[in-house]
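Asks: Once you know that position 164 of the sequence shown is 1585 in the numbering used here, the rest is easy, because the numbers rise by one and skip nothing. I have a structure here, written as structure tokens, and I will follow up with some questions on it.
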Amino acid sequence: MCWFVLFADHVAGGKVLLVSMDGFRWDYLQTVPDLSNFTRLAKLGVSAKFANTTFVTKSFPTHYSIVTGCYQENHGIVGNNMYDPEHDAYFTKDSTEEFWWNQREPIWSTVVRNGKKAGVNFWPGSMANVSYPPTERRVYDETADPYERIAVALSWFNEPNNYDFVAMYFDQPDGAGHVFGVNHTGLRDEIQKMDMVLGAILKTLQERNLENVVDFILTSDHGMTSCNISDKLINVSREADLGPEVVRYTEKGAIMGVWPAPGMEDQVVQKLQSLSHVTVYRKKDIPDRFHYKNNSRIAPVILLADEHWLLTNGSDRVFEKNSFGDHGYDPDLESMKTIFFAKGPSFKQNFRVAGVRLVDIYSLLCHLLKVPASNHDGNIQNMKDLLVDGIVSSAAKPSISIVIAAAATIVAVIH
């Protein structure tokens, strides 16, 4: 259940721009030349050597962790493809039904619920049919021009819109990483294009006189590692000799969920344990550090491939692009870590830290926007050293509210 603090008084706050560049592995910044705008951003604000992501290290689950501050077992988006046994429904990236998305509250809903304005441009989950949708949102379009998107999104901060929060999502360099792998010139070229996109964001902030008004956070969801299906693809059902004893499989790639038929879990696990380059977890035995067991959408049995290996349940041609790069692996792997930058009036300049956690970004956003946080797993104290004054508000901490009746006094308890 999700609890909220509700304030009777509206508190003014700053403006925040949140940008994600999907699949931006942390060490691309060291291995790819000519990234002058990333270098400039680090000098203008704060940066982390890397950002620690959440499990599973896939796009929809981790992007929802960023904007809710929650691990996936708590916000409920536990995969890019998943099954909900309570609704007997399958999730795809186009699913917008409220029940998929309402286990925790994303930042744009927190903003709107507190009487402020939020604009979202393509962020995963932003098109969901929830009680407090963004003030304005744009549906994902992979053909959209990135520079036109920047112009539109940043115009939302100015009159007549005067939005408080804007989020933008870019699907690169993830796409190039999948097609080319991590050591290919095709990926390098795409990363250099994203450096130009970053330059356009910085230039537009300056041209709109927003540099000293808007706090800008740039991050990503996960890294990328090299894979090749020609010799590292495991066809789970075939190689473990599984048939009707499994009723469904969810996800593919680095991770797979296996749903045994009633009474067949022991037999299924025994067969799966014959596979090489795969760790087999019963749900109850999934490591606590993954925060990935306490949700009905998580399969009874989880398979996690060794780095560079891929799992499928069907034709070996299921990975159409030969999948020279992929993600979804153990978040503690160096290859799965990602990036974090922030600049603006609230942040120190030319300041670097060893690492941050993606689940702490939501509490940071609430602090910057001066809105009381919904229930989350982050800790704003982890972010205070990034701030000019080093002071964080209690409103950004996890909260509980008690609503006695519609017309009754709202009692706010912050702890």
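C-beta: ideal position from N, C-alpha, C; glycine also. Just so you know, these numbers come straight off a predicted model, no measurement behind them.
State the DSSP-derived secondary structure class of alanine 1828, mapped to helix, strand or coil.
Replies: Any reading at alanine 1828 must be qualified, since the residue scores a pLDDT of 29, below 50, and its modelled position is unreliable; no value is offered.
Asks: Using a Cβ-Cβ cut-off of 6 Å (strictly less than) and excluding sequence neighbours within five positions of leucine 1438, which residues of its own chain qualify?
Replies: Result list for leucine 1438: Val1587, Val1635, Phe1637, in chain order.
Asks: Apart from the five residues on each side of it in sequence, which residues of its chain come closer than 6 Å, Cβ to Cβ, to methionine 1422?
Replies: Residue placement at methionine 1422 is flagged as unreliable, the pLDDT there being 35, under the threshold of 50; a coordinate-derived value is accordingly withheld.
Asks: Run through DSSP, which three-state label would glycine 1684 get?
Replies: DSSP places glycine 1684 in coil when its eight states are reduced to three.
Asks: Between Lys1537, Ile1498, Met1503, which lies nearest to tryptophan 1522 when the distance is taken from Cα to Cα?
Replies: Nearest of Lys1537, Ile1498, Met1503 to tryptophan 1522, Cα basis: Ile1498.
Asks: Going by beta carbon distance, what residues of the same chain come within less than 7 Å of asparagine 1716, once the five residues before and after it are set aside?
Replies: Cβ within range, chain order: Glu1494, Gly1497, Val1499.
Asks: Identify which residue in Lys1705, Pro1721, Ala1572 has its Cα closest to the Cα of glycine 1684.
Replies: The shortest Cα separation from glycine 1684 among Lys1705, Pro1721, Ala1572 belongs to Pro1721.
Asks: What did DSSP end up calling aspartate 1562 once you bin it into helix, strand or coil?
Replies: Looking at aspartate 1562 - three-state DSSP - the assignment turns out to be coil, as it is neither helix nor strand.
Asks: Specify the secondary structure class of serine 1441 as computed by DSSP and reduced to three states.
Replies: Three-state result, serine 1441: strand.
Asks: Ends of the alpha helix (DSSP H) at aspartate 1616?
Replies: Residues 1606-1628.
Asks: Do three or more CB pairs link the region 1655-1667 to the region 1719-1735 at distances below 8 Å?
Replies: These segments touch.
Asks: Is alanine 1794 closer than 8 Å to threonine 1531 when the C-beta atoms are compared?
Replies: Their beta carbons are under 8 Å apart, which means threonine 1531 touches alanine 1794 by this criterion.
Asks: Quick one: residues in its chain with C-beta nearer than 8 Å to the C-beta of lysine 1470, no 5 flanking neighbours on either side, listed in chain order?
Replies: Answer for lysine 1470: Trp1447, Arg1773, Val1774, Ala1775, Gly1776, listed in chain order.
Asks: Skipping 5 residues on each side, what residues in its chain have a beta carbon closer than 7 Å to that of valine 1541?
Replies: Excluding residues within five positions, the ones whose Cβ falls inside 7 Å are Trp1529, Ser1547, Pro1555, Arg1558, Ala1588.
Asks: Do you know how far the Cα of serine 1457 is from the Cα of threonine 1564?
Replies: Rounded to the nearest angstrom, the two C-alpha atoms are 26 Å apart.
Asks: In the DSSP assignment, the beta strand (DSSP E) including isoleucine 1782 goes from what residue to what residue?
Replies: Segment 1782-1790 is the alpha helix (DSSP H) holding isoleucine 1782; no beta strand (DSSP E) there.
Asks: When every heavy atom of the ligand PLP is checked, does at least one fall within less than 7 Å of the C-beta of aspartate 1747?
Replies: Questions concerning the ligand PLP fall outside what the structure shown contains, since it holds no ligand whatsoever.
Asks: When you compare only the Cα positions, how much space is there between serine 1820 and histidine 1797?
Replies: For serine 1820, the pLDDT reaches just 47, beneath the cut-off of 50, and the residue's location in the model is therefore unreliable, although a value from the coordinates is still provided. About 8 Å.
Asks: Taking the beta carbon of asparagine 1501 as the centre, do at least 16 other beta carbons fall within 10 Å, making it buried, or is it exposed?
Replies: Its Cβ being crowded by 16 or more others within 10 Å, asparagine 1501 is buried.
Asks: How big is the Cα-Cα spacing for lysine 1537 and tyrosine 1553?
Replies: Roughly 11 Å between the two C-alpha positions.
Asks: Quick check on the burial criterion: 16 or more other C-beta atoms within 10 angstroms. Buried or exposed for lysine 1479?
Replies: With 16 or more other Cβ atoms within 10 Å, it is buried.
Asks: Would you kindly check if the distance between the Cβ of threonine 1475 and the Cβ of proline 1752 is under 8 Å?
Replies: It is a contact, given that the beta carbons lie within the stated cut-off.
Asks: Can you give me the C-alpha to C-alpha distance between threonine 1625 and isoleucine 1571, rounded to a whole angstrom?
Replies: Cα to Cα, the separation comes out at about 8 Å.
Asks: Excluding the 5 residues preceding and the 5 following glutamate 1518 in the sequence, name in chain order all residues of the same chain whose CB lies nearer than 7 Å to its CB.
Replies: Contacts found: Asn1550.
Asks: Alpha carbon to alpha carbon, how far is valine 1603 from glycine 1746?
Replies: Taking the straight line from one Cα to the other gives about 7 Å.
Asks: Given that a residue counts as buried once 16 or more other Cβ atoms are within 10 Å of its Cβ, and exposed if not, what is lysine 1705?
Replies: Lysine 1705 comes out exposed.
Asks: Can you list, in chain order, the residues of its chain whose CB lies under 6 Å from that of valine 1440, leaving out five sequence neighbours each side?
Replies: Same-chain partners within the cutoff: Met1589, Leu1639.
Asks: Sort Val1477, Ala1463, Val1699 by Cα distance to isoleucine 1719 and report the nearest one.
Replies: When each option's Cα is compared against that of isoleucine 1719, the closest is Val1477.
Asks: Taking Cβ to Cβ, would you say proline 1594 is nearer than 8 Å to glutamate 1569?
Replies: Their beta carbons are not under 8 Å apart, which means proline 1594 does not touch glutamate 1569 by this criterion.
Asks: Between the alpha carbons of glycine 1811 and lysine 1805, how many angstroms are there, rounded?
Replies: Between glycine 1811 and lysine 1805, the C-alpha separation is close to 5 Å.
Asks: Shortest alpha-carbon distance to lysine 1436 belongs to which of Thr1489, Cys1491, Gln1524, Ala1539?
Replies: Checked all of Thr1489, Cys1491, Gln1524, Ala1539; the closest Cα to lysine 1436 is Ala1539.
Asks: What does the Cβ neighbour count give for proline 1665, buried or exposed, with the cut at 16 atoms within 10 Å?
Replies: With fewer than 16 other Cβ atoms within 10 Å, it is exposed.
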